[in-house]
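Presented below is the structure to which this report refers.
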Amino acid sequence: MFKNQYDTNTTTWSPTGRLFQVEYANEAVNNGSAAVGAKNKDFVVLTAL
Numbered sequence: 001m002f003k004n005q006y007d008t009n010t011t012t013w014s015p016t017g018r019l020f021q022v023e024y025a026n027e028a029v030n031n032g033s034a035a036v037g038a039k040n041k042d043f044v045v046l047t048a049l
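If you want it as structure tokens, here you go:
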């Protein structure tokens with residue numbers, strides 16, 4: 001109902017007390033694998049499970 005107004009920021013609560021960005025992140029974890037990336041001025045490291 002209010003999803004479009006409250007789903008663009010991780011710190012904006014919907015009137016029903018939901019954080020849609022957190023829910024989207026949880027669903028993405030359930031649907032796929034995890035990946036992590038790190039970089040500095042000399043190199044980049046990407047790791048996926």
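According to the UniProt record's numbering, the sequence shown is numbered sequentially starting from 1.
Even for Gly, the Cβ is constructed at its ideal location relative to N, Cα and C.
Bridge partners - residue i, DSSP secondary structure assignment
i   : result
G37 : L46
Element boundaries [alpha helix (DSSP H), containing residue i]
i   : result
N31 : F20 to N31
Residue from the options with nearest C-alpha to residue i
i   : options               : result
A25 : L46, N9 and G17       : N9
A48 : D42, V29, K41 and N40 : V29
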